[in-house]
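Notes follow the structure.
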Amino acid sequence: MNTEFFAAWIEEITSAVRAGRDHLTELDAAIGDADHGTNLDRGFTAVGEALAAAPPGTPGALLVLTGTTLIRKVGGASGPLYGTAFREMGKAFGEATEISPAELSAGVDAALAGVRRLGSAAEGDKTMVDALAPAAAALSRAVRDGLKPEEALEAAATAAAGGARATVPLQARKGRASYLGPRSVGHEDPGAASTALVFGALRAAASR
Amino acid sequence: MNTEFFAAWIEEITSAVRAGRDHLTELDAAIGDADHGTNLDRGFTAVGEALAAAPPGTPGALLVLTGTTLIRKVGGASGPLYGTAFREMGKAFGEATEISPAELSAGVDAALAGVRRLGSAAEGDKTMVDALAPAAAALSRAVRDGLKPEEALEAAATAAAGGARATVPLQARKGRASYLGPRSVGHEDPGAASTALVFGALRAAASR
Amino acid sequence: MVGIVLISHSGGLAAETAALARQIGGAKVPLAAAGGTEDGGLGTSPDRVSAAVEEVDQGDGVVLIPDLGSSVLTARLLESPGRVVIADVPFVEGAVSAVVAAGGGASLDGVLAAAEEAWHFRKL
Amino acid sequence: MVGIVLISHSGGLAAETAALARQIGGAKVPLAAAGGTEDGGLGTSPDRVSAAVEEVDQGDGVVLIPDLGSSVLTARLLESPGRVVIADVPFVEGAVSAVVAAGGGASLDGVLAAAEEAWHFRKL
Ligand SMILES: Nc1ncnc2c1ncn2[C@@H]1O[C@H](COP(=O)(O)OP(=O)(O)O)[C@@H](O)[C@H]1O
Ligand SMILES: Nc1ncnc2c1ncn2[C@@H]1O[C@H](COP(=O)(O)OP(=O)(O)O)[C@@H](O)[C@H]1O
Ligand SMILES: [Mg+2]
Ligand SMILES: [Mg+2]
Ligand SMILES: [Mg+2]
Ligand SMILES: [Mg+2]
Numbered sequence: 001m002n003t004e005f006f007a008a009w010i011e012e013i014t015s016a017v018r019a020g021r022d023h024l025t026e027l028d029a030a031i032g033d034a035d036h037g038t039n040l041d042r043g044f045t046a047v048g049e050a051l052a053a054a055p056p057g058t059p060g061a062l063l064v065l066t067g068t069t070l071i072r073k074v075g076g077a078s079g080p081l082y083g084t085a086f087r088e089m090g091k092a093f094g095e096a097t098e099i100s101p102a103e104l105s106a107g108v109d110a111a112l113a114g115v116r117r118l119g120s121a122a123e124g125d126k127t128m129v130d131a132l133a134p135a136a137a138a139l140s141r142a143v144r145d146g147l148k149p150e151e152a153l154e155a156a157a158t159a160a161a162g163g164a165r166a167t168v169p170l171q172a173r174k175g176r177a178s179y180l181g182p183r184s185v186g187h188e189d190p191g192a193a194s195t196a197l198v199f200g201a202l203r204a205a206a207s208r
Numbered sequence: 001m002n003t004e005f006f007a008a009w010i011e012e013i014t015s016a017v018r019a020g021r022d023h024l025t026e027l028d029a030a031i032g033d034a035d036h037g038t039n040l041d042r043g044f045t046a047v048g049e050a051l052a053a054a055p056p057g058t059p060g061a062l063l064v065l066t067g068t069t070l071i072r073k074v075g076g077a078s079g080p081l082y083g084t085a086f087r088e089m090g091k092a093f094g095e096a097t098e099i100s101p102a103e104l105s106a107g108v109d110a111a112l113a114g115v116r117r118l119g120s121a122a123e124g125d126k127t128m129v130d131a132l133a134p135a136a137a138a139l140s141r142a143v144r145d146g147l148k149p150e151e152a153l154e155a156a157a158t159a160a161a162g163g164a165r166a167t168v169p170l171q172a173r174k175g176r177a178s179y180l181g182p183r184s185v186g187h188e189d190p191g192a193a194s195t196a197l198v199f200g201a202l203r204a205a206a207s208r
Numbered sequence: 001m002v003g004i005v006l007i008s009h010s011g012g013l014a015a016e017t018a019a020l021a022r023q024i025g026g027a028k029v030p031l032a033a034a035g036g037t038e039d040g041g042l043g044t045s046p047d048r049v050s051a052a053v054e055e056v057d058q059g060d061g062v063v064l065i066p067d068l069g070s071s072v073l074t075a076r077l078l079e080s081p082g083r084v085v086i087a088d089v090p091f092v093e094g095a096v097s098a099v100v101a102a103g104g105g106a107s108l109d110g111v112l113a114a115a116e117e118a119w120h121f122r123k124l
Numbered sequence: 001m002v003g004i005v006l007i008s009h010s011g012g013l014a015a016e017t018a019a020l021a022r023q024i025g026g027a028k029v030p031l032a033a034a035g036g037t038e039d040g041g042l043g044t045s046p047d048r049v050s051a052a053v054e055e056v057d058q059g060d061g062v063v064l065i066p067d068l069g070s071s072v073l074t075a076r077l078l079e080s081p082g083r084v085v086i087a088d089v090p091f092v093e094g095a096v097s098a099v100v101a102a103g104g105g106a107s108l109d110g111v112l113a114a115a116e117e118a119w120h121f122r123k124l
């Protein structure tokens with residue numbers, strides 16, 4: 001997977017976020033402050049402009065610029081979190097111009113570690129970690145088992161979507177939703193839902 | 001001591017507060033928010049208007065109206081505190097039209113009890129209680145010993161002034177000054193200083 | 001629903017905290033900000049606070065949340081056991097917790113307990 | 001002197017808290033309010049926060065005081081041990097304590113410890 005592939009991924013995320021913006025914001029209205037969709041839409045729009053203004057030459061540079069832009073422009077908690085995720089993945093890729101499935105999987109692991117370190121959320125706390133962690137695990141297993149790239153990315157996307165759905169019965173223990181206590185039960189976590197979009201976009205980029 | 005006497009007391013306080021306003025505010029600048037003098041000046045000005053608009057017929061009614069007006073108009077912590085002090089003294093006087101020295105002393109005790117209940121400050125916490133408590137005790141002893149009214153009020157005023165000066169080395173443990181911790185040491189408490197003015201005014205009213 | 005009054009020296013601080021709490025806790029909670037003196041200065045106005053108490057009182061009780069100093073004393077003047085109670089809690093964090101609990105239909109004691117939990121939340 | 005940055009979702013909340021803390025803690029403490037997004041909405045702007053850190057940094061260290069949610073995460077991005085540290089404290093009460101300590105010449109650790117004492121203050 002080369003720089004073009006990762007640029008396509010970011011484009012796919014941007015379209016998915018735009019299309020899903022109102023849904024994400026509705027999810028956030030239930031247990032947050034009704035801005036997750038607009039936050040990410042603003043962030044990825046800025047990413048598109050930043051990538052167009054100074055197109056990076058490697059997958060790593062592209063993801064680091066994506067992350068830095070998200071940190072600066074999202075405005076909500078998801079900004080530092082997604083920003084750190086993309087930056088850590090980009091840093092894991094180093095100067096490489098071509099990324100193998102194993103490297104991609106290690107990059108997703110780095111993203112997960114970064115999100116965990118920054119937000120101190122564990123699985124089950126009803127955050128994006130509940131989608132990101134199963135996606136990272138599924139990708140890692142698929143690569144170990146020698147699945148084809150598209151199959152591996154399909155597995156990751158399926159795991160992320162399942163993880164997001166599984167946040168519905170959970171009680172939030174991190175972020176502002178945690179102030180809601182038991183009232184957070186019964187709603188899908190918006191950040192987990194957007195993480196499912198991010199992995200859906202990865203699969204879409206692979207089948208372009 | 002009749003209604004006229006207590007009206008004279010309030011007038012004497014009003015003049016003393018006006019004259020001491022900038023000094024009280026300077027004391028409050030050191031360990032508070034530099035408004036104690038203006039707070040009390042505003043409050044007693046409003047008291048003067050309220051008493052003029054509907055002159056009360058008994059010492060009790062006069063002090064209750066004074067207290068109620070201070071509560072509404074002072075704006076700082078000293079409003080509820082002085083307001084409660086005057087209201088409690090007024091309530092202790094009941095419907096009486098003439099107040100004996102013993103009744104005055106019991107009234108000051110009631111004022112002290114009200115301030116303590118509202119603000120939960122003990123002696124030594126560097127508040128107005130450090131002036132009010134010794135004044136109440138000195139007045140009580142003077143009356144017990146059968147001193148003449150002017151002598152008894154002189155003793156109360158001296159005790160209040162001594163109590164106020166003795167707050168200088170203390171560390172504040174109540175009110176906003178308590179946030180200053182050790183930095184509150186070395187300054188006279190503004191509320192204790194104004195309490196000394198209040199008892200000085202009582203002595204002045206007696207020698208009119 | 002239990003009513004909530006935020007009492008601060010600063011009109012702006014009470015109003016901004018109310019806006020944040022409302023955004024997290026839902027819009028339907030009877031919530032009033034009573035900050036500053038009547039002429040807009042820093043301080044507390046008991047008249048403003050009692051008007052705020054009346055405004056948010058739906059018959060299920062009212063929780064007063066003061067910031068510091070005169071706000072606490074003003075709140076104490078209005079205490080009335082079982083009906084108007086003071087929450088001794090961190091101002092912003094306690095307000096958010098109280099508003100969320102009130103919005104969830106908690107009783108007066110429940111809102112008070114929720115507000116007090118704010119002492120035990122850690123942020124990191 | 002140790003610098004202090006108040007980080008909130010709400011520009012108004014950060015500014016009003018800074019004003020209150022400054023009034024109690026003295027005017028000379030390097031203190032900045034970084035609240036709201038760049039376009040004035042509710043949220044956090046890392047650019048604003050890092051500009052605020054630079055503004056108050058006199059070389060003795062900077063304490064970041066976040067309110068909740070994204071403020072905490074933004075603060076974490078800027079942590080730098082021994083130089084820029086986060087105080088996990090009640091927002092208003094911790095800010096007042098921190099500003100007072102900084103104004104009294106406390107070290108970075110001293111300001112942090114003073115801010116943390118705000119968890120133990122009771123108001124009544
Ligand atoms: N400490 C945390 N760790 C992991 N994820 C978090 C954390 N705090 C919040 N989130 C994620 O961020 C999402 C909210 O993002 P967003 O609405 O953009 O930010 P905000 O809550 O500041 O408005 C939540 O749904 C959750 O998935
Ligand atoms: N809890 C309390 N108990 C007794 N006296 C108090 C208390 N809190 C404050 N005070 C008194 O009030 C004085 C400050 O009054 P003032 O400056 O008018 O109010 P504020 O502190 O609200 O600006 C202090 O000097 C102190 O004597
Ligand atoms: Mg949100
Ligand atoms: Mg938000
Ligand atoms: Mg004052
Ligand atoms: Mg004041």
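Chains as they are written, first to last, in our numbering: chain A, 1 to 208; chain B, 1 to 208; chain C, 1 to 124; chain D, 1 to 124.
Ideal Cβ positions, reconstructed from N, Cα and C, are used throughout, including at glycine.
Q | Alpha-carbon spacing of D:G61 relative to D:E54, whole angstroms | A | Here the question's residue 61 of chain D lines up with position 61 in the fourth sequence. Here the question's residue 54 of chain D lines up with position 54 in the fourth sequence. Each residue's Cα considered, the two are about 10 angstroms apart.
Q: Check whether the stretch 74-82 of chain B touches the stretch 31-49 of chain B, taking contact to mean three or more Cβ pairs, one atom from each stretch, closer than 8 angstroms.
A: yes
Q | Three-state class that DSSP yields for C:V96 in the structure shown | A | Along the third sequence, one-based indexing puts residue 96 of chain C at 96. C:V96: helix per DSSP, three-state reduction.
Q: Return helix, strand or coil for D:S8, following the three-state DSSP convention.
A: Mapped onto the fourth sequence, residue 8 of chain D falls at position 8. Strand, per DSSP.
**Q.** Cβ neighbour criterion (16 or more within 10 Å) applied to B:G175
**A.** Your numbering for residue 175 of chain B matches position 175 in the second sequence. With 16 or more Cβ atoms within 10 Å of its Cβ, B:G175 is classed as buried.
(Q) For D:F121, would you say it is in contact with chain B, using Cβ-to-Cβ distances shorter than 9 angstroms as the test? (A) Mapped onto the fourth sequence, residue 121 of chain D falls at position 121. Answer yes: the Cβ-Cβ gap between D:F121 and chain B drops below 9 angstroms somewhere.
Q.
Closest to A:F93 by C-alpha separation, out of A:G75, A:R72, A:V74 and A:L62, would be which residue?
A. Here residue 93 of chain A corresponds to residue number 93 of the first sequence, with the count starting at 1. Minimum Cα distance to A:F93 is reached at A:L62.
Q. Does the Cβ of B:S184 have 16 or more other Cβ atoms within 10 Å, making it buried, or fewer, making it exposed?
A. Against the second sequence, residue 184 of chain B aligns to sequence position 184. The residue is buried, with at least 16 neighbouring Cβ atoms inside 10 Å.
Q: Specify, as a first and last residue, the run of the beta strand (DSSP E) that A:V168 falls within.
A: Here residue 168 of chain A is taken as the residue at index 168 of the first sequence, counted from 1. Where A:V168 is concerned, there is no enclosing beta strand (DSSP E), given that its DSSP letter is neither H nor E.
Q | Where C:S71 falls: helix, strand or coil (DSSP) | A | Within the third sequence, residue 71 of chain C is the residue found at index 71, counting from 1. Correct three-state label for C:S71: helix.
(Q) By the DSSP assignment, the alpha helix (DSSP H) with B:R112 in it spans what residues? (A) Stepping through the second sequence from its first residue, residue 112 of chain B is reached at position 112. Reading off the sequence shown, one finds Leu at residue 112 of chain B, where the question assumed Arg. Counting along the chain, B:L112 sits inside the alpha helix (DSSP H) bounded by residues P101 to G119.
Q | For B:L139, the three-state DSSP class (helix, strand or coil) | A | One-based indexing of the second sequence puts residue 139 of chain B at position 139. Three-state DSSP puts B:L139 in a helix.
**Q.** Heavy atom of ligand 8 within 8 angstroms of A:N39 beta-carbon
**A.** No copy of ligand 8 occurs in the structure displayed; its ligands are ligand 1, ligand 2, ligand 3, ligand 4, ligand 5 and ligand 6 alone.
Q: Note down the Cα distance separating B:A193 from C:A32, rounded to an integer number of angstroms.
A: Position 193 of the second sequence, counting from 1, holds the residue named residue 193 of chain B. Position 32 of the third sequence, counting from 1, holds the residue named residue 32 of chain C. C-alpha separation (whole angstroms): 35 angstroms.
Q) Thinking just about the alpha-carbon of each residue, which of C:G41, C:D39 and C:V96 is nearest to the one in C:V5? A) Numbered from its first residue, the third sequence carries residue 5 of chain C at position 5. Of the candidates C:G41, C:D39 and C:V96, the one whose C-alpha sits nearest the C-alpha of C:V5 is C:V96.
Q) Does the beta carbon of C:P66 fall short of 8 angstroms from some heavy atom of ligand 2? A) Here residue 66 of chain C is taken as the residue at index 66 of the third sequence, counted from 1. Every heavy atom of ligand 2 is 8 angstroms or more from the Cβ of C:P66, so no.
Q: State the beta-bridge partners of B:E88 as determined by DSSP.
A: What you label residue 88 of chain B is simply residue 88 of the second sequence in a count that begins at 1. Answer is none; B:E88 lacks a bridge partner.
(Q) Is the beta carbon of A:A177 closer than 9 angstroms to that of A:D234? (A) Missing from the structure shown is residue 234 of chain A; chain A here goes from 1 to 208 and no further.
Q. Can a CB atom of chain D be found closer than 9 angstroms to the CB of C:I86?
A. In the third sequence, counting from the first residue as 1, residue 86 of chain C sits at position 86. Residue-level contact check: C:I86 touches chain D, since one or more beta carbons of chain D fall below 9 angstroms from its beta carbon.
Q.
Please list, in chain order, the residues of the stretch 152-185 of chain A that have any C-beta partner in chain D closer than 8 angstroms.
A. Of all residues in the stretch 152-185 of chain A, only G175, R176 and Y179 come within less than 8 angstroms of chain D when Cβ atoms are compared, listed by chain position.
Q | Under 9 angstroms (Cβ pairs) to chain D, residues found in the stretch 77-88 of chain A | A | A77, S78, G79, P80, L81, G83 and T84
Q. Using the C-alpha atoms, what's the distance from A:A172 back to A:A52?
A. For the purposes of this step, residue 52 of chain A is taken as the residue at position 52 of the first sequence. For the purposes of this step, residue 172 of chain A is taken as the residue at position 172 of the first sequence. Between A:A52 and A:A172, the C-alpha separation is close to 38 angstroms.
Q. Span of the alpha helix (DSSP H) holding C:L42?
A. As a first step, residue 42 of chain C is located in the third sequence; it is residue number 42 there, counting from the start. Segment: none, C:L42 is in no alpha helix (DSSP H) and carries neither H nor E.
Q) Which residues, taken in chain order from the stretch 86-110 of chain D, show a beta carbon closer than 7 angstroms to some beta carbon of chain B? A) Cβ contacts with chain B: V96, S97, V100 and G104.
Q. Taking DSSP as the reference, what is the three-state secondary structure of C:S107?
A. What you label residue 107 of chain C is simply residue 107 of the third sequence in a count that begins at 1. In this structure, C:S107 counts as coil in the three-state DSSP scheme.
**Q.** Within chain C, the residues that B:I71 reaches when beta carbons sit closer than 7 angstroms
**A.** Here residue 71 of chain B refers to the residue found at position 71 of the second sequence. Identification of chain C residues near B:I71 by a Cβ-Cβ cut-off of 7 angstroms yields P46 and L77, ordered along the chain.
(Q) Counting beta carbon pairs with one atom in the stretch 16-26 of chain C and one in the stretch 70-84 of chain C, are three or more of them shorter than 8 angstroms? (A) no
Q) Taking 9 angstroms as the CB-CB limit, is C:E38 close to chain B? A) The residue you call residue 38 of chain C lines up with position 38 of the third sequence. So, interface residue.
**Q.** Distance CB(B:A201)-CB(B:A16) smaller than 9 angstroms
**A.** As a working note, residue 201 of chain B is residue 201 in the second sequence. As a working note, residue 16 of chain B is residue 16 in the second sequence. Contact flag set, yes.
Q. Which residues of chain C have a Cβ atom closer than 7 angstroms to the Cβ of A:D275, listed in chain order?
A. Since the displayed chain A opens at 1 and closes at 208, residue 275 of chain A lies outside it and no answer follows.
Q: Under 8 angstroms by Cβ, that's how I've got A:G90 and A:V64 pegged, so tell me the actual separation to the nearest angstrom.
A: Against the first sequence, residue 90 of chain A aligns to sequence position 90. Against the first sequence, residue 64 of chain A aligns to sequence position 64. So it is a contact: roughly 4 angstroms between Cβ atoms.
Q.
For the beta strand (DSSP E) containing C:P66, name the first residue and the last one.
A. Position 66 of the third sequence, counted from the start, is the residue given in the question as residue 66 of chain C. V62 to P66 is the span of the beta strand (DSSP E), which, as asked, contains C:P66.
Q: Give me the Cβ distance between B:D130 and B:G163, rounded to the nearest whole Å; I'm assuming they're in contact under 8 angstroms.
A: Looking up residue 130 of chain B in the second sequence gives position 130. Looking up residue 163 of chain B in the second sequence gives position 163. With 8 angstroms as the limit, B:D130 and B:G163 qualify as a contact, their Cβ atoms being about 5 angstroms apart.
Q.
For chain B, check one thing: does any of its Cβ atoms lie closer than 9 angstroms to the Cβ of D:L124?
A. Counting from 1 along the fourth sequence, the entry for residue 124 of chain D is found at position 124. At least one chain B Cβ lies under 9 angstroms of D:L124.
Q. Hey, D:T37 and D:S71: beta-carbon distance below 9 angstroms or not?
A. Against the fourth sequence, residue 37 of chain D aligns to sequence position 37. Against the fourth sequence, residue 71 of chain D aligns to sequence position 71. No; because the gap between Cβ atoms is not below 9 angstroms, this pair is not in contact.
(Q) Once the 5 residues before and after A:R18 are set aside, which same chain residues still bring their CB inside 7 angstroms of it? (A) Locating residue 18 of chain A in the first sequence gives position 18, where the first residue counts as 1. Correct list, in chain order: D41.
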